[in-house]
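Student: Starting off with a structure, shown below.
Protein chains: 2
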Amino acid sequence: MDLAEALEKIMSGLSSGRTIIVVGSMHAHYAGRSTSWLAEGDRLLIIKSDKSILIHRPTGYEPVNWQPPGVVINAQITEEGLVLECSRKSPPEILRIVITEVYSAESYRLVDNGEFIIHAREEDMKAAIINSPDIVEPGLRIVETERRIGDEYIDILAVDSSGQIVIIEIKRKRATRRDVEQIVDYATQVEKELGRKPRKILVAPSISKEAASLSMVLRVEYKCFSPRLAYEILSKKKGLDRFL
Amino acid sequence: MDLAEALEKIMSGLSSGRTIIVVGSMHAHYAGRSTSWLAEGDRLLIIKSDKSILIHRPTGYEPVNWQPPGVVINAQITEEGLVLECSRKSPPEILRIVITEVYSAESYRLVDNGEFIIHAREEDMKAAIINSPDIVEPGLRIVETERRIGDEYIDILAVDSSGQIVIIEIKRKRATRRDVEQIVDYATQVEKELGRKPRKILVAPSISKEAASLSMVLRVEYKCFSPRLAYEILSKKKGLDRFL
DNA sequence: GCCTAGGTCCCGTAT
DNA sequence: ATACGGGGCCTAGGC
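So the protein sequences, as listed, match chains W and R.
If you count by my numbering, then the first sequence holds residues 10 to 253, one letter each, in order.
If you count by my numbering, then the second sequence holds residues 10 to 253, one letter each, in order.
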C-alpha cells in the first residue's frame, strides 16, 4: 500500500473514531518525560478510538513507544514519509512517528461493552478480612478502612481483644522490606494523631527473609493470607448468601 | 472470515514465527496471579513471534488481558468458537480466549533490528554525577556505585570534603515519602556494615511537601537535579570529547 | 494540579 | 528460583 492511501485510511479512521492498525516499517522519536530514538524497523502501530497510540515491536509485552489516551494527532506526508505527530500538553511530550513503508493499514469500528471482572486482588483480601476479622486474629474488631492520615491511607484500622489499636497493611504478593517500612511509617503517623502506639500487622501470602528480619527489629507482626484464599472465602460466602 | 480459515492463519503464523493480528469478537478467562472474566466484545488480539499475547480493547493504553513472552499456545475450534489456550508453568497461569467472530486475521513476518536509544533516565543522572560530583556538592568524591548491602543497592557511595561517608539516592521524578524512607534504610544498613553514620542526600528534580518535612525529621538532605539537565550535561560533554 | 497506592504490573540484574 | 529497583511505568481515587 502506498503512503498516500495509508494516510487516507488513517485520517478517515481518526475522524470516525475507529481503531486503526498499521503494519509497516517506521522510525520514531519521543521527547517528553524522557527522550528516545527508535531506528527503522517493521512494527505494528495501533491508534485507538480514544487516541491512545502504541508502537509494538515483533517481540515483548510492552510497546516500545506510545502515548496514553488523549493526544492530539497531526498526520501528513513529507519527504521523510508518512509523519504522525502525537502530542499532549500535560505532561508536555511528543511522539513523532515516520512511516516509510506500509504493509497494511486498516481501521475498524469496534464495539466493546463487555464487562470485565477481576478477582484475587488486594481488594478481595481486604473484603475477606472485613467480613471475618478472625482471619487475622481472634477477637479483632474492624474500626475503619482506608483511613487517611496526612496524605497516606491505612488499609485497615482495628482494635484487638485487649483494646489496643491495630494497623493492618495488606499485600497481595510476598511482603518486602519496603512494605515493612511502609507500615512502620503509618504507625508513626497514627501515634502522632491518636497519641497511642498501635500494633502493626502485615498480611501477605509470604514474606521475604530480609523483610522478616526487619519486621522483628521494628516490631511488625506478620500474618499469612493470600488473595486466592480470600477469593475462595468470598465466593463461598456469596454462594451461601444465595440460600439465606 | 470464518473461524476455520482464521485458525489456519494462526497455526501457520505460530509455526513460522510470524506476528499474528486478529480483529474480532471474543471473550476471555484468565486464571493465575489473579482471576478475571472478560465478556464478549470486539477486540484486537496480537500474538507476537516470541509468543507474547495481548488482547486490546478499543480504548486505553493497557491490554485488558495478556500473557508475557514464552507461553505455550494451544489452538482449536470447538462448539464455543476458536479457542486459544495460552499457558505457562511459572507462574502457573492460563489465558483462555474464545473468538466467536473474525473480522480480520493476518500474520506478518516483521524484521526489526532497529536500535532503541533512550535518555534522560535515572542512569543519566547517575552518570552526570559520577562525572561531576560537584553537581551534588563541591568537594565530593565518588567511592562506589551500585554498592550492594544485603539485598539492597545504593546508587552512589561517596565521601565529602570533611571525610564523612555520603549516601546518594537518585530519583528521576519528584521525591516521595517512600524515597526518604528508602535512603534512611540504606543508611541504617551502611552504619551496621561500616560502623559510621553516613550523610544521606536525596537527588531529585523536586520533592513533595510531606517528603520534605519527613526528610527534616530523618536528617535526609535534598539536592535538586533533573534527568533532563543530566542529559544536557552529558550531551555537551560528549560533544566536546569529539574535539579532544 | 498534587499525592498515594495497586498492578496478572513488566523488565533487567545479581545472587 | 528469590530479591531489588526502575519505568516516559499506567490507572484509579482523593483533595
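Backbone N, C-alpha and C define an ideal beta-carbon position, used for all residues, glycine too.
Return the first residue and the last residue of the beta strand (DSSP E) that E110 of chain W is part of.
Tutor: Taken as a continuous stretch (DSSP letters only), the beta strand (DSSP E) holding E110 of chain W covers 102 to 117.
Student: Go ahead and pull the three-state DSSP assignment for R208 of chain R.
Tutor: Looking at R208 of chain R - three-state DSSP - the assignment turns out to be strand.
Student: May I ask you to report which of helix, strand or coil DSSP gives S244 of chain R?
Tutor: Helix.
Student: Strictly below 9 Å CB to CB, what residues from chain R border A48 of chain W?
Tutor: Simply N122, G123, E124, F125, I126.
Student: Which of the residues in the stretch 194 to 219 of chain R, read from start to end, lie with their CB under 7 Å from any CB of chain W?
Tutor: The stretch 194 to 219 of chain R vs chain W, Cβ under 7 Å: D194, E219.
Student: Going along the chain, which residues of its own chain have a beta-carbon closer than 6 Å to the beta-carbon of V81 of chain W, five neighbours each way excluded?
Tutor: Taken in chain order, the residues that qualify are S96.
Student: Would you call the stretch 148 to 161 of chain W in contact with the stretch 108 to 127 of chain W, where contact means no fewer than 3 C-beta pairs closer than 8 Å?
Tutor: As far as the Cβ criterion goes, the stretch 148 to 161 of chain W does not touch the stretch 108 to 127 of chain W, which means the pair count is below three.
Student: Tell me, please, whether the stretch 104 to 123 of chain R touches the stretch 200 to 213 of chain R by the rule of three or more beta-carbon pairs shorter than 8 Å.
Tutor: Touching, no, given that fewer than three Cβ pairs across the two stretches are closer than 8 Å.
Student: What are the partner residues of M35 of chain W, as DSSP defines its beta bridges?
Tutor: BP columns for M35 of chain W point to W:G50, W:I108.
Student: Taking 8 Å as the threshold (C-beta atoms), are S45 of chain W and N74 of chain W in contact?
Tutor: In contact: N74 of chain W and S45 of chain W (Cβ atoms closer than 8 Å).
Student: Any residues in the stretch 11 to 33 of chain W with a beta carbon nearer than 7 Å to a beta carbon of chain R? Which ones, in chain order?
Tutor: Those would be T28, I30, V32, in chain order.
Student: Relative to chain W, which residues along the stretch 55 to 68 of chain R have a C-beta separation below 8 Å, given in chain order?
Tutor: Listed in sequence order: I55, K57, S58, D59, S61, L63, H65, R66, P67, T68.
Student: Just the chain R side, please: which residues come within less than 8 Å of P236 of chain W by C-beta, in chain order?
Tutor: In chain order: S43.
Student: List, in order along the chain, the chain R residues whose C-beta lies closer than 8 Å to that of P100 of chain W?
Tutor: Neighbours of P100 of chain W on chain R: none; closest Cβ ~11 Å, over 8 Å.
Student: Do S61 of chain W and Y117 of chain R count as a contact pair if the criterion is CB distance below 8 Å?
Tutor: No, these two residues do not count as a Cβ contact at 8 Å.
Student: Assign Y162 of chain R to one of two classes, buried (16 or more other C-beta atoms within 10 Å of its C-beta) or exposed (fewer than that).
Tutor: Result: exposed.
Student: By a C-beta neighbour count over all protein chains shown, 10 Å radius and 16 as the cutoff for buried, is V175 of chain R buried or exposed?
Tutor: By the neighbour-count rule (16 or more Cβ atoms within 10 Å), V175 of chain R is buried.
Student: Taking only runs of the beta strand (DSSP E) that begin and end inside the stretch 127 to 178 of chain R, which ones reach a length of at least 3 residues, in chain order?
Tutor: DSSP runs (the beta strand (DSSP E)) wholly in the stretch 127 to 178 of chain R: 150 to 158, 161 to 168.
Student: Does E115 of chain W come within less than 8 Å of chain R when only Cβ atoms are used?
Tutor: It does: the Cβ of E115 of chain W has a partner Cβ on chain R nearer than 8 Å.
Student: For S170 of chain R, which option in R:M134, R:E146, R:A220, R:R186 has the closest C-alpha, if you only look at C-alpha atoms?
Tutor: The residue with the shortest Cα to Cα distance from S170 of chain R is R:E146.
Student: Buried or exposed for G79 of chain R, going by 16 or more other Cβ atoms inside 10 Å?
Tutor: Classification for G79 of chain R: exposed.
Student: Using alpha carbons as the reference points, say which of W:A136, W:P67, W:R186 lies closest to A239 of chain W.
Tutor: It is W:A136 whose Cα lies nearest to the Cα of A239 of chain W.
Student: At what residues does the alpha helix (DSSP H) containing R97 of chain R begin and finish?
Tutor: Unbroken run through R97 of chain R is the beta strand (DSSP E), 91 to 97; no alpha helix (DSSP H).
Student: Buried or exposed: where does P101 of chain R fall if 16 or more other Cβ atoms within 10 Å of its Cβ makes it buried?
Tutor: By the 10 Å Cβ count, P101 of chain R comes out exposed.
Student: By DSSP, does K232 of chain R sit in helix, in strand, or in coil?
Tutor: K232 of chain R falls in the strand class under three-state DSSP.
Student: Could you confirm whether any beta carbon from chain R is found closer than 8 Å to the beta carbon of V73 of chain W?
Tutor: Yes, contact with chain R.
Student: What residues of chain R sit near D51 of chain W, judged by a beta carbon separation below 7 Å?
Tutor: Ordered by position in chain R, the residues that pass the 7 Å Cβ test against D51 of chain W are L119, V120, D121.
Student: When the Cα of Q85 of chain R is compared with those of R:V193, R:I64, R:D164, R:L12, which residue comes out closest?
Tutor: Of the candidates R:V193, R:I64, R:D164, R:L12, the one whose C-alpha sits nearest the C-alpha of Q85 of chain R is R:L12.
Student: At the level of alpha carbons, what is the spacing between K232 of chain R and R66 of chain W?
Tutor: Whole-angstrom Cα-Cα distance: 38 Å.
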